[in-house]
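Structure first, then comments.
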Amino acid sequence: MQEKTSLRKPMNQERQKFCLSNNIFSVSSEILYQLPVNSTLLERSEIFFAGEETSEYGVVHIRKGDYLKVASRVIKISEVIRTLEILKNDLPHTLIFVSDGEIGESEKNQIREAIDGEKKTTSVKFFDSTYPVVDETLVHDLMRCAQLLITSNSTFSLSAGLLNVRSDKKVLIPILFFGESDQELNAIFRNLAIFAIMDEEYPNSNLILLSCE
3 MQEKTSLRKP MNQERQKFCL SNNIFSVSSE ILYQLPVNST LLERSEIFFA GEETSEYGVV
63 HIRKGDYLKV ASRVIKISEV IRTLEILKND LPHTLIFVSD GEIGESEKNQ IREAIDGEKK
123 TTSVKFFDST YPVVDETLVH DLMRCAQLLI TSNSTFSLSA GLLNVRSDKK VLIPILFFGE
183 SDQELNAIFR NLAIFAIMDE EYPNSNLILL SCE
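Mapping of the sequence shown onto this note's numbering: residues 3 to 215, in sequence order.
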């Protein structure tokens with residue numbers, strides 16, 4: 003008689019230890035070779051930049067849609083806006099917001115006000131659920147080629163940050179990726195950081211800057 007094997011889901015601490023010890027987020031040149039950016043600059047320019055080819059842009063990923071019903075933590079637009087206010091004089095010429103839900107008009111106005119820097123004017127574009135459907139592969143490629151990427155706590159934008167092909171990239175991710183019930187797993191994402199943006203007004207929404215090595 004065959005003995006049954008007991009299967010169980012690994013605990014958060016076990017998952018944390020495994021990910022940290024195996025450097026789970028390490029991206030080698032071989033991985034980049036196997037996962038190239040498939041779209042062309044022209045294809046992305048026609049959709050996101052009205053046909054103007056440019057590499058001087060940033061992307062902000064906002065999770066909405068069904069994600070709001072299942073996430074243990076949701077990054078609020080107010081948290082993103084606070085970070086934009088800190089960075090407003092160092093933003094790229096164009097900043098694109100992508101979301102799987104609708105970004106409200108009041109939120110858009112708050113975003114525009116937040117990035118109204120003194121040194122230069124940054125144009126803002128929004129591609130949310132009110133915009134005609136854009137292929138997700140193109141959106142991912144757009145983020146992979148961005149000069150600045152602010153991710154949500156989402157593997158969609160996180161993977162784009164890890165696979166970003168630019169040598170001058172700056173990628174910011176939420177330092178609290180999960181809710182309070184998954185504090186051990188948050189350590190995995192903190193391990194990606196070299197520096198964090200100190201934000202006293204929003205102590206629970208600090209963002210971290212990924213290594214650009």
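Ideal placement from N, C-alpha and C gives every residue a C-beta, glycine not left out.
What three-state label does DSSP hand Phe158 in the structure shown?
Assigned with DSSP and collapsed to three states, Phe158 falls in helix.
Answer with buried or exposed for Phe197, where buried requires no fewer than 16 other C-beta atoms within 10 angstroms of its C-beta.
Classification of Phe197: exposed, given that the 10 Å Cβ count is below 16.
Buried or exposed: where does Ile33 fall if 16 or more other Cβ atoms within 10 Å of its Cβ makes it buried?
It counts as exposed.
I need the straight-line Cα distance from Gln18 to Leu37, nearest angstrom please.
Approximately 26 Å between the Cα atoms of the pair.
Out of curiosity, what's the CA-to-CA distance linking Ile105 and Gly67?
Spanning the alpha carbons of Ile105 and Gly67 requires a straight line of approximately 11 Å.
Taking 8 Å as the cut-off, does the segment 130 to 137 touch the segment 84 to 103 (at least 3 CB pairs, one atom from each stretch)?
Below 8 Å, enough C-beta pairs join the segment 84 to 103 and the segment 130 to 137 to call them touching: three or more.
Inter-stretch contact (C-beta, 8 Å, three-pair minimum) for the segment 66 to 80 and the segment 38 to 58
The answer is no - the segment 38 to 58 does not touch the segment 66 to 80, with fewer than three Cβ pairs under 8 Å.
Among Asn193, Leu9, Ser183, the one whose alpha carbon lies nearest that of Pro176:
For the residues Asn193, Leu9, Ser183, the minimum Cα distance to Pro176 belongs to Asn193.
Those runs of the beta strand (DSSP E) which lie wholly inside the segment 129 to 197 and span at least 3 residues
Listed in chain order, they are 150 to 152, 172 to 176.
By a C-beta neighbour count over all protein chains shown, 10 Å radius and 16 as the cutoff for buried, is Glu16 buried or exposed?
Exposure of Glu16 is indicated by the presence of fewer than 16 other C-beta atoms within 10 angstroms of its C-beta.
To the nearest whole angstrom, what separates the beta carbons of Gly119 and Leu93, a pair I think is in contact under 8 Å?
The C-beta distance from Gly119 to Leu93 rounds to 7 Å, short enough to meet the 8 Å contact threshold.
Between Val61 and Leu165, how many whole angstroms is the CB-CB distance? I'm expecting something under 8 Å.
With 8 Å as the limit, Val61 and Leu165 do not qualify as a contact, their Cβ atoms being about 13 Å apart.
Determine, for Ala52, whether the minimum Cβ-Cβ distance to residues of chain D falls below 8 Å.
Structure shown: chain D not included; a single protein chain is present.
Collapsed DSSP secondary structure at Phe99 in the structure displayed:
Phe99: strand per DSSP, three-state reduction.
Could you spell out the range, first to last residue, of the beta strand (DSSP E) harbouring Val62?
Where Val62 is concerned, the enclosing beta strand (DSSP E) stretches over 59 to 64.
Checking 8 Å against the spacing of the C-beta atoms, do Ser154 and Ile64 come in under that value?
A contact, by the Cβ cut-off of 8 Å.
Which ranges does the beta strand (DSSP E) cover as unbroken runs of at least 3 residues, wholly within the segment 11 to 86, from first to last along the chain?
Taken in chain order, the complete beta strand (DSSP E) segments of 3 or more residues contained in the segment 11 to 86 are 59 to 64.
Whole-angstrom Cβ separation of His95 and Glu58, contact assumed at under 8 Å?
That pair is a contact at about 5 Å.
Ends of the alpha helix (DSSP H) at Lys110?
Residue range 107 to 116 is occupied by the alpha helix (DSSP H) that includes Lys110.
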